[in-house]
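**Student:** Counted the way my numbering counts, the sequence shown spans residues 7 to 418. Take this structure, written in structure tokens, and hold onto it; I'll ask about it next.
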Amino acid sequence: MRRTPLFIRGRFKGPSLQLCDLAALALRQSLEVPSRLLMGPGPSNAHPRVLAAQALPLLGHMHPHFFKIMDEIQGGLRYLFQTDSPYTLCISGTGHAGMEAVIANLLEPGDKIVVANNGIWGERVADMAGRFRAEVVQLRAPAGKTFSTGELKAALEEHKPAALFLVQGESSTGAHQALGDGLGAACRAAGALLIVDTVASLGGVPFLGDAWGVDAAYTGSQKCLSAPPGAAPLFLGPRAIEKLRGRGTKPATYNLDLNLIGDYWGWFGKRSYHHTGMVSMWYAMREALAIAGDEGLEAMWARHSQAHRDLWEGLRALGLEPFVEKDADRLITVNTIKVPPGIDFAALTAHAMANFSVEISGGLGPTAGKVWRVGLMGANATPASVQVVLAAFRAGLAAQGWKGAQAAPATA
Ligand SMILES: Cc1ncc(COP(=O)(O)O)c(C=O)c1O
């Protein structure tokens, strides 16, 4: 019996028959996915309840029952972002889509944005903002360092931007940017929107959207929320909404136009179709938010913090050191560990995968080749996961003859 056009021999021009046959052979095997413990910078393993939610029957994306689910997600996001703002939603896409939505909608051509750039995410936002014809001023800090409130306030004074952008958890370097300390008030006084990337941090470390005066923030589903990649939750506060509604030009993206997506999520008193909502993904988000609500944010922060302490106790006992020098600057959700001289970082990650089925990542951007990155996020921020990571480091280092910091050769 013929199954799909892919398998019909000789009927289509294009891919060679041999390739079609090979593809058919592969696709006829049942789908096999090995079980991995994902302890890199994301995705993290999804919670089993979240995966089960995705298997529920589809609803239409404009059905009243589905709108109710979307409303419940919005309520959960208000809790997560710690905001009273009614303007929460999930972008259909990953963290980058949340990033681009915020940048494209809150800046008009010619608007100035100060981008605090201490790693790859600041770099990307500077790139994106330029593509949307904003005037970009980059404030730079070395990898592993953060910005002081004084520096940020001085930049607001000097440049008088329409927006200031910060990354709370710079996952390429493992740096945690402080956001309180009057920064929100300073932005308000300077007439700048405060925009924050919380992709690698929200749910794992404290984030107080309203109390800190944050105007817009976005995150990703696949990190501390224990859901698969595919949703980028965001919120806009009242000043950001004012900017969005008062634009003189349409955002230069239809796909990420928050005026239109906002209508789909009922932001402006009606519901209209913009794109087909990601039905199963929204079930996953609803379940992930229910799990977060059951545990409570404070308990989540404490659990992530404990996992971080346990990890570093073990890593230091092995003679390993953090890449981020100052305790206060160290991100607990994505930990960067210096690769000691003489050690092959890629061989260790390969050893961890081959022997422990655990993902440990190398560096990214400014930390490439210099660090390992260990994520402690969501359902993976547990004592058991930390112990697997430590066992993988112990065995992987031993396989390379590592005897601890004292015995390390002086040069690579
Ligand atoms: C801080 C930060 N921002 C943005 C992103 C981009 O997210 P995504 O890969 O989901 O598009 C990431 C991904 O790791 C991240 O860690």
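By construction, the Cβ of each residue, glycine as well, lies at the ideal position given by its N, Cα and C atoms.
Express the C-alpha separation of Arg-315 and Asp-333 in angstroms, rounding to a whole number.
**Tutor:** Those two C-alpha atoms are separated by around 11 Å.
**Student:** Report all residues from its chain with a CB closer than 6 Å to the CB of Thr-94; omit the five preceding and five following residues, and keep chain order.
**Tutor:** Cβ within range, chain order: Gln-80, Leu-83, Arg-84 and Phe-241.
**Student:** Please report the straight-line C-alpha distance between Pro-70 and Pro-239, rounded to a whole angstrom.
**Tutor:** Distance between the alpha carbons of Pro-70 and Pro-239: 21 Å.
**Student:** With DSSP run on the structure shown, which of helix, strand or coil describes Ser-311?
**Tutor:** DSSP places Ser-311 in helix when its eight states are reduced to three.
**Student:** Taking the straight line between their C-alpha atoms, what separation do you get for Ala-181 and His-102?
**Tutor:** So the alpha carbons of these two residues sit roughly 19 Å apart.
**Student:** With a 10 Å radius around its C-beta and 16 neighbouring C-beta atoms as the bar for buried, classify Ser-91 as buried or exposed.
**Tutor:** Buried, since its Cβ has 16 or more Cβ neighbours within 10 Å.
**Student:** Measure the C-alpha to C-alpha separation of Pro-63 and Arg-55 and round it to an integer number of angstroms.
**Tutor:** About 15 Å.
**Student:** Count the other C-beta atoms from every protein chain shown that fall within 10 angstroms of the C-beta of Lys-344, then say buried if there are 16 or more, exposed otherwise.
**Tutor:** Under this definition Lys-344 is a buried residue.
**Student:** Determine whether the beta carbon atoms of Leu-317 and Val-395 lie at a separation below 8 Å.
**Tutor:** For Leu-317 and Val-395, yes; Cβs fall inside 8 Å.
**Student:** Less than 7 Å between the CB of Pro-328 and some heavy atom of ligand 1, yes or no?
**Tutor:** Result no, Cβ not under 7 Å from ligand 1.
**Student:** What does the Cβ neighbour count give for Leu-295, buried or exposed, with the cut at 16 atoms within 10 Å?
**Tutor:** Classification for Leu-295: buried.
**Student:** DSSP three-state label for Pro-11, please.
**Tutor:** With a pLDDT of 48 at Pro-11, under the threshold of 50, the predicted position of this residue should be treated as unreliable, though the coordinate-derived value follows. Here Pro-11 sits in helix by DSSP.
**Student:** Suppose you measure from the CA of Asp-187 to the CA of Trp-378; what does that come to, to the nearest Å?
**Tutor:** C-alpha separation (whole angstroms): 31 Å.
**Student:** Taking 7 Å as the cut-off, is the C-beta of Pro-63 nearer than that to any heavy atom in ligand 1?
**Tutor:** Incorrect: Pro-63 has no Cβ contact closer than 7 Å to ligand 1.
**Student:** If you drop the 5 nearest sequence neighbours on each side, which residues of the same chain put their C-beta closer than 7 Å to that of Met-7?
**Tutor:** Low confidence applies to Met-7: its pLDDT is 41, below 50, so where it sits in the model is not reliable enough to give any reading.
**Student:** Applying the criterion that 16 or more other CB atoms from any shown protein chain within 10 Å of the CB defines a buried residue, is Ala-195 buried or exposed?
**Tutor:** Under this definition Ala-195 is an exposed residue.
**Student:** Alpha carbons only, please: which of Ala-223, Asp-117, Ala-397 and Ala-52 is nearest the one belonging to Gly-320?
**Tutor:** Per the Cα distances, Ala-397.
**Student:** In terms of residue numbering, what span does the beta strand (DSSP E) encompassing Ser-278 cover?
**Tutor:** No beta strand (DSSP E) holds Ser-278; DSSP gives it neither H nor E.
**Student:** Specify, as a first and last residue, the run of the alpha helix (DSSP H) that Asn-341 falls within.
**Tutor:** Taken as a continuous stretch (DSSP letters only), Asn-341 belongs to no alpha helix (DSSP H), being part of the beta strand (DSSP E) at 340-344.
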